[in-house]
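Undergrad: This is the structure, below, for whatever I ask next.
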Amino acid sequence: MVKAIISDLDGTILPCGGEISKEALHAFGMLGERKIVRIIATGRTLFAARRFLPDDFPIDFLVFSSGAGIMHWKDKKIILARHLSILETRQIAAYLWEYNINFMIQQEIPDNHYFYYTDIYPAHSDYKRRIEKFGDFGRLIACPEEIRTAATQFVMILNSQQLPLVEKVKNDLPHYSVIRSTSPLDRCSVWLEVYSRNVNKGTACRILLKQLSIQPAECGGLGNDYNDVDFLDICGKAFLVANAPHRLMPYYKSVSADTENGFVEFVEQVCKS
Numbered sequence: 009m010v011k012a013i014i015s016d017l018d019g020t021i022l023p024c025g026g027e028i029s030k031e032a033l034h035a036f037g038m039l040g041e042r043k044i045v046r047i048i049a050t051g052r053t054l055f056a057a058r059r060f061l062p063d064d065f066p067i068d069f070l071v072f073s074s075g076a077g078i079m080h081w082k083d084k085k086i087i088l089a090r091h092l093s094i095l096e097t098r099q100i101a102a103y104l105w106e107y108n109i110n111f112m113i114q115q116e117i118p119d120n121h122y123f124y125y126t127d128i129y130p131a132h133s134d135y136k137r138r139i140e141k142f143g144d145f146g147r148l149i150a151c152p153e154e155i156r157t158a159a160t161q162f163v164m165i166l167n168s169q170q171l172p173l174v175e176k177v178k179n180d181l182p183h184y185s186v187i188r189s190t191s192p193l194d195r196c197s198v199w200l201e202v203y204s205r206n207v208n209k210g211t212a213c214r215i216l217l218k219q220l221s222i223q224p225a226e227c228g229g230l231g232n233d234y235n236d237v238d239f240l241d242i243c244g245k246a247f248l249v250a251n252a253p254h255r256l257m258p259y260y261k262s263v264s265a266d267t268e269n270g271f272v273e274f275v276e277q278v279c280k281s
């Protein structure tokens, strides 16, 4: 029997344009009854995650912003928060400015739903969509010197011609965590995010599991995207939902798609033994 489970949110238990199913809620409740620690690990900010996770949602911990923060769910206490200093934030912004690529800078946890953003290149449709969705929290900047706060992360949304930047940014910023993910808004655009060194879902989950005296091998994980690989690879039992990218499927076991209660199937699988 596993002692903990880790699940992604968007595209895993939360279908695009849908809601978390009653069956999934029941499965989370059953895990709690069996004293299995329930962890959701999402790329969403705390603010954005809580739009879909009510205060009484049946989990124990929320890993948010791809591992930059961890919240103890019952008392809503933040037990981990990582950030980029103002100097680091300005330096990364100056570097990205050279490539004429628009980016957003999410401010420091717990207020990382507030963000700076640029308008230095024709904007990607998903970039426009995100600004429209969270526009009340955004501030346009014209140069890196206008950045006044520490940051949780940078977010870039790439078009097909900009995809080579994924590896270039990783190579040019080796002292930071550069993570590729798929947009939770249109479920197809490529997001590239820059965090403080070693920030990812896997590192945050390792820290949490160590605090709980649970070995990673005693954990089951379910994901659907590239930014889930870091926590899937530490789990003793790792699964993908069927709607995950085809390139990832050969490396993990699979369950049904997010729209077909793949999470419920995952829980049944990991609780078998």
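The opening residue of the sequence shown carries number 9 in the numbering used here; numbering runs sequentially from there. In this text, a Cβ means the ideal position worked out from N, Cα and C, and glycines have one as well. Computed from a predicted structure; not experimentally measured.
#1: Assuming Ile-113 and Tyr-124 are in contact, meaning their beta carbons sit under 8 Å apart, how far apart are those beta carbons, in whole angstroms?
#2: State the beta-bridge partners of Leu-166 as determined by DSSP.
#3: What residues match up with Leu-287 in a beta bridge as DSSP calls it?
#4: For a quick check, are the C-beta atoms of Gln-66 and Gly-40 less than 7 Å apart?
#5: How big is the Cα-Cα spacing for Leu-230 and Leu-95?
#6: Among Ala-131, Asn-208 and Met-38, which has the Cα closest to the Cα of His-91?
#7: Name the DSSP bridge partner or partners of Leu-92?
#8: So who's on the other strand from Gly-37, going by DSSP bridges?
#9: Ala-49 bridges to which residues according to DSSP?
#10: Report yes if the CB atom of His-368 is closer than 7 Å to the CB atom of Phe-145, and no otherwise.
#11: Report, in whole angstroms, the separation of the C-beta atoms of Phe-162 and Val-202, which I expect to be a contact under 8 Å.
#12: How many angstroms separate the CA atom of Arg-42 from the CA atom of Ile-242?
#13: Following a CB-centred definition, is Tyr-124 positioned closer than 6 Å to any heavy atom of the ligand MN?
#14: Rounded to a whole number of angstroms, what is the C-alpha to C-alpha distance between Gln-219 and Ala-131?
#15: Where are the alpha helix (DSSP H) runs, 4 residues long or more, that stay fully inside the segment 115-157, in chain order?
#16: For Tyr-203, which of helix, strand or coil comes out of DSSP?
#17: With contact counted as at least three CB pairs below 8 Å, one residue from each stretch, are the segment 176-191 and the segment 148-155 in contact?
#18: Considering only the alpha carbon of each residue, which of Val-278, Thr-157, Ala-49 and Gly-37 lies closest to Asp-233?
#19: Taking Cys-227 and Ile-28 to be in contact with their CB atoms under 8 Å, please state how far apart those CB atoms are, rounded to whole angstroms.
#20: Using beta-carbon positions only, say whether Lys-11 and Ile-222 come within less than 7 Å of one another.
#21: So, for Tyr-135: in the same chain, excluding its five sequence neighbours on each side, which residues have a beta-carbon less than 7 Å away from its beta-carbon?
#22: Of all the options Asn-269, Val-278 and Lys-84, which has the alpha carbon lying nearest to the alpha carbon of Glu-31?
#23: Name the DSSP beta bridge partners of Arg-188, please?
#24: Taking the beta strand (DSSP E) that Gly-289 falls in, what are its first and last residues?
TA: Let me spell this out:
#1: Taking the sequence shown and counting its residues from 1, the one referred to as residue 113 is at position 105. Taking the sequence shown and counting its residues from 1, the one referred to as residue 124 is at position 116. About 4 Å separates the two Cβ atoms, so the contact holds.
#2: The count along the sequence shown starts at 1 and reaches residue 166 at position 158. Answer by DSSP bridge pairing, in chain order: Val-198.
#3: Outside the displayed span of the chain (9 to 281) sits residue 287, for which this structure offers no information.
#4: Reading the sequence shown from its first residue, position 58 is the one you call residue 66. Reading the sequence shown from its first residue, position 32 is the one you call residue 40. It should be noted that the sequence gives Pro, not Gln, for residue 66. Yes, Cβ-Cβ distance for Pro-66 and Gly-40 is below 7 Å.
#5: Sequence index remark: in the sequence shown, residue 230 carries index 222 (1-based). Sequence index remark: in the sequence shown, residue 95 carries index 87 (1-based). The alpha-carbon atoms of Leu-230 and Leu-95 are separated by roughly 36 Å.
#6: Residue mapping note: residue 91 aligns to position 83 of the sequence shown, counting from 1. Residue Asn-208 is the option with its Cα nearest to His-91.
#7: In the sequence shown, the residue the question calls residue 92 occupies position 84. In the DSSP output, where bridge partners are listed per residue, Leu-92 has Ala-159.
#8: Translated into positions along the sequence shown, residue 37 becomes position 29. Note: Gly-37 sits in no beta bridge, so no partner.
#9: Residue 49 sits at position 41 when you count from the first residue of the sequence shown. According to DSSP, which records beta bridges pairwise, Ala-49 is partnered with Val-71.
#10: Absent from the structure is residue 368, since the part of the chain shown begins at 9 and ends at 281.
#11: Here residue 162 refers to the residue found at position 154 of the sequence shown. Here residue 202 refers to the residue found at position 194 of the sequence shown. Going by Cβ atoms, the distance from Phe-162 to Val-202 rounds to 4 Å, so yes, they are a contact pair.
#12: To locate residue 42, count along the sequence shown from 1; it is residue 34. To locate residue 242, count along the sequence shown from 1; it is residue 234. Those two C-alpha atoms are separated by around 22 Å.
#13: As presented, the structure is devoid of all ligands, the ligand MN included, so that no description of it is given.
#14: The count along the sequence shown starts at 1 and reaches residue 219 at position 211. The count along the sequence shown starts at 1 and reaches residue 131 at position 123. Gln-219 and Ala-131: Cα-Cα distance of roughly 42 Å.
#15: Runs found: 133-141.
#16: As a position in the sequence shown, residue 203 is number 195, starting the count at 1. Strand at Tyr-203.
#17: Contact between the segment 176-191 and the segment 148-155 is absent, because fewer than three Cβ pairs lie under 8 Å.
#18: Indexing the sequence shown from 1 puts residue 233 at position 225. That would be Ala-49, whose Cα lies nearest to the Cα of Asp-233.
#19: As a position in the sequence shown, residue 227 is number 219, starting the count at 1. As a position in the sequence shown, residue 28 is number 20, starting the count at 1. Between Cys-227 and Ile-28 the beta-carbon gap is near 21 Å, outside 8 Å, which marks them as no contact.
#20: Your numbering for residue 11 matches position 3 in the sequence shown. Your numbering for residue 222 matches position 214 in the sequence shown. Their beta carbons are under 7 Å apart, which means Lys-11 touches Ile-222 by this criterion.
#21: Start at 1 with the first residue of the sequence shown, and residue 135 comes out as number 127. These residues qualify, in order along the chain: Asn-110 and Ile-165.
#22: The residue given as residue 31 occupies position 23 in the sequence shown. Closest option to Glu-31, Cα to Cα, is Asn-269.
#23: For the purposes of this step, residue 188 is taken as residue 180 along the sequence shown, with counting starting at 1. The partner list for Arg-188 (beta bridge, DSSP) reads Leu-200.
#24: Within the shown structure, residues of the chain are numbered from 9 to 281, placing residue 289 beyond reach of any answer.
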